[in-house]
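Under full-length UniProt numbering, the residues of the sequence shown are numbered 1 to 690, in order.
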Amino acid sequence: IDVFLARSLLEKLYLFQYPIRPASMTYDDVTHLSAKIKPKQQKVELEMAIDTLNPNYCRSKGEQIALNVDGTCTDETSTYSSKLMDKQTFCSSQAASNVSRYAAAVYKKGELHLTPLHGILQLRPSFTYLDKADAKHREREAANEGGDSSQDEAEDDVKQITVRFSRPETEQARQRRVQSYEFLQKRQAEEHWVHLHYYGLKDSRSEHERQYLFSQGHGLAENTELIKSPSEYLMMLMPPSVEEENDKPVAPSNVLSMAQLRTLPLADQIKILMKNVKVMPFANLMSLLGSGTDSTAVLRCIQQVAMLVQGNWVVKSDVLYPKDTSSPHSGVPAEVLCRGRDFVMWKFTQDRWVVRKEVAAVTKLCPEDVKDFLEHMSVARINKGWEFMLPYDEDFVKKHPDIVQRQHMLWMGIQAKLEKVYNLLKEHLTPKKQEAQSAHPLVVSGEQRVNMAKAKVKQNYGQMEKEFQKQKAEMKSNDTSAKMDVSNIRIKEEPVSDEEPMDASVYEGMNNGVVNGLHAEEDSVDSLNGHLPGGCIDRVAQELKAFVSSTFKKQFVLTLSELKRLFNLHLASLPPGHTLFSGISDKMLQDMVLDTGCKQILVPFPPQTAASPDELKVYALWEAGDTYDQHRQVLLEIFSKNYRVRRNVIQNQLSQECGEDLNKQEVDRVLKVSLCSVVGLIQLIHEFLM
């Protein structure tokens with residue numbers, strides 16, 4: 001295909017992008033449309049007619065809008081002379097600042113003619129008539145208020161005025177005025193509108209102008225731009241993006257996109273992130289740097305711009321306060337600010353709490369500077385002081401003891417410098433002991449309670465096993481009255497040494513003796529971490545059976561891992577001294593699941609799966625007591641053999657097993673009612689396959 005460059009409409013051709021056309025508006029109406037343009041600004045206003053006879057047009061609203069805009073009287077200045085909103089104004093805005101890559105193309109007789117676009121304008125409805133209606137309303141209100149006042153009040157009082165002479169404008173003031181928004185708006189308003197005449201699509205003038213889209217001369221001498229080598233031609237099609245970079249909006253100095261950030265060296269990325277965030281755990285930093293980043297390189301770079309405080313990284317003071325800068329509040333030089341902030345960071349290495357008055361008394365800095373230091377790394381607590389904003393990162397401390405030791409040596413050096421500068425007393429060097437917390441009970445979340453319970457169970461597991469073996473021997477020697485109901489729960493017949501008990505114990509008390517309502521006095525330790533006497537075993541079985549039944553009626557399909565997690569959450573919500581705190585093992589929980597009408601489903605997991613044994617054990621509600629038990633069992637049997645089954649296979653299997661000739665609608669109803677449990681099974685299978 002031969003390509004020609006048409007020059008006739010060069011720097012004259014615009015592309016207008018109209019909004020979706022309403023049913024009552026005609027874009028090609030010639031008699032009721034006017035247009036005007038400001039060439040320098042490339043701003044266009046088009047006035048288009050609205051078909052008031054269209055059935056989609058609401059005449060009452062049109063009359064109301066015209067009345068609000070023009071009032072009752074009509075003259076030459078009226079916006080709607082017909083007392084009806086019969087036209088709509090559209091105002092343009094530039095869709096792209098650089099349109100040099102865009103052109104209008106016309107294909108004719110095996111030739112492609114291109115005309116470069118001078119501008120791309122998007123037209124949007126203009127609602128200036130609403131401003132005019134508001135102005136009319138304000139004028140009417142002012143007239144009413146003026147009519148009520150007397151003539152004496154209407155007379156202007158003689159007032160003394162002060163005459164001031166403006167100072168000569170400096171060059172800097174003139175540049176600021178020229179670059180101001182008001183000045184630019186004023187210059188744009190000063191440009192005069194150029195009124196245009198609109199020609200319809202089928203007008204002869206439009207047909208004549210449309211011919212200019214074709215190249216007037218097909219000679220090669222007039223199209224030398226297209227006689228280029230392949231590399232030059234590609235450069236013309238895709239020029240360097242220098243101009244685009246200049247046209248990008250300038251972001252604030254403290255804003256940097258993640259895409260731009262990842263183009264920088266690793267050290268600069270870490271410095272910018274720490275300077276903006278100020279306090280960050282190492283795991284969060286690695287997630288921001290993206291996958292594939294070497295953690296060793298990150299550790300090497302982070303130590304150059306941050307210090308380790310309670311297992312978290314805090315940006316260094318000299319990064320926030322570079323040399324030759326000063327405080328915006330007090331004008332104190334950066335060297336003094338760095339010493340004061342280092343003192344605050346060092347205090348947080350000694351304790352989680354810092355008192356603002358103590359910092360101000362030692363550093364002798366103004367309260368605003370001290371507040372800035374504390375807000376960088378801590379949170380204010382009422383009547384307590386400032387607490388370090390992040391919890392102690394124990395994982396990082398355990399994984400990187402060499403880094404922790406090196407940072408400790410650095411803090412020892414900083415402490416020695418602070419002692420010389422501030423003449424620190426012994427009370428400043430030793431961390432304060434935590435005051436008795438009896439007056440302020442510690443509130444711990446449910447998740448923290450479960451984690452502490454797990455730690456307590458692992459710690460006391462050996463002692464619990466010995467106690468259990470002792471009680472087991474006593475149970476065998478007792479008479480039959482002390483035996484428990486084996487049909488409900490088999491808690492005393494399992495070899496505890498072969499099964500790991502559930503992490504369902506609670507932790508012992510804290511300083512105040514109460515943590516979220518769980519008492520841990522000496523007289524309650526046996527009831528919480530030990531085993532209940534024989535008379536309470538039935539209650540334990542009933543409580544456990546009630547939990548398992550209610551859980552499977554809601555979830556239908558669960559792995560052993562998920563069931564244990566739900567049981568731990570259930571324990572965390574129970575009141576102190578509950579019977580379920582006696583220590584429930586995995587085997588006890590699995591036996592109770594089988595006794596409550598559930599069945600283990602042998603899911604065809606792939607052999608290469610990395611799931612844990614508890615995640616491979618899947619249990620499903622086998623008998624719910626409703627009319628769809630048989631259908632549910634058939635479906636579970638189908639999906640236990642294959643995780644991908646066609647609908648016709650399900651329909652045939654249901655017809656054979658249930659003895660019913662089910663059509664497509666009946667199969668859909670069965671799937672809708674009883675497939676809720678199978679959907680959970682499919683989700684489990686897909687999780688392990690992914």
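The beta carbon of each residue, even a glycine, is placed where N, CA and C say it ideally should be.
Computed from a predicted model, the values in this text were never measured in an experiment.
The alpha-carbon of M280 is positioned some 43 Å away from that of M588. K617 is not bridged by DSSP to any residue. Distance from the Cα of L621 is smallest, within the candidate group V645, E358, M592, R646, for M592.
Where V69 is concerned, the enclosing alpha helix (DSSP H) starts and stops at 59-70.
Linking C598 to K553 through their CA atoms gives a straight-line distance of about 10 Å.
Minimum Cα-Cα distance from L121 among the listed residues L15, R167, H113 corresponds to L15. Fewer than three Cβ pairs drawn from the segment 173-182 and the segment 68-76 lie within less than 8 Å of each other, which leaves the two stretches out of contact. In this structure, E191 places its C-beta atom within 9 Å of the C-beta atom of Q41. In the DSSP assignment, E387 forms a beta bridge with W353, V379. Bounds of the beta strand (DSSP E) holding F4 are 2-5. Residue burial is scored here from C-beta neighbours: H137 has fewer than 16 other C-beta atoms within 10 angstroms and is therefore classed as exposed. Distance from the Cα of L5 is smallest, within the candidate group K278, L117, K399, for L117.
Note on geometry: alpha-carbon atoms of Q179 and K186 lie some 12 Å from one another. For G119, the enclosing beta strand (DSSP E) starts and ends at 119-125. For L390 against N451, the beta-carbon gap comes to about 17 Å, at or over 8 Å, which does not count as contact. Within its own chain, the residues whose Cβ lies closer than 8 Å to the Cβ of K371, once the five positions on either side in sequence are excluded, are R356, listed in chain order.
Between Y212 and A35, the C-beta spacing is not below 9 Å.
In terms of Cβ geometry, M307 and L288 do not form a close pair [threshold 9 Å]. Counting only residues of its own chain and dropping the five nearest sequence neighbours on each side, E615 has a CB closer than 7 Å to the CB of T559, S561. Linking S330 to D342 through their CA atoms gives a straight-line distance of about 18 Å. Distance from the CA of L580 to the CA of E543, rounded to the nearest whole angstrom, comes to 7 Å. Annotation: V194 to F127 spans about 21 Å, alpha carbon to alpha carbon.
DSSP places Q405 inside the alpha helix (DSSP H), whose first and last residues are 401-422. In the structure shown, H137 adopts helical secondary structure according to DSSP, grouped into three states. Within the same chain, Cβ atoms closer than 8 Å to the Cβ of G110 are found at I1, D2, the five residues on either side in sequence being excluded.
Per DSSP, reduced to three states, the secondary structure at C658 is helical.
When V618, P604, E623 are compared, the shortest CA-CA separation from D595 is found for E623. Selection Q600, K43, F605 evaluated against L636 yields Q600 as nearest (Cα-Cα). Note that the C-beta distance between K43 and C91 is below 9 Å. With fewer than 16 neighbouring CB atoms inside 10 Å of its own CB, K398 falls in the exposed class.
Considered as a whole, the segment 297-327 harbours 306-309, 312-315 as its complete beta strand (DSSP E) runs of no fewer than 3 residues, in chain order.
Within 10 angstroms of the beta-carbon of V354 lie 16 or more other beta-carbons, which makes it buried. When secondary structure is reduced to three states using DSSP, H192 falls in the coil class, being assigned neither helix nor strand. The three-state secondary structure of V106, taken from DSSP, is strand.
L261 is positioned such that its CB atom lies closer than 9 Å to that of I272.
Taking the C-beta atoms as reference points, V309 is found nearer than 9 Å to M345.
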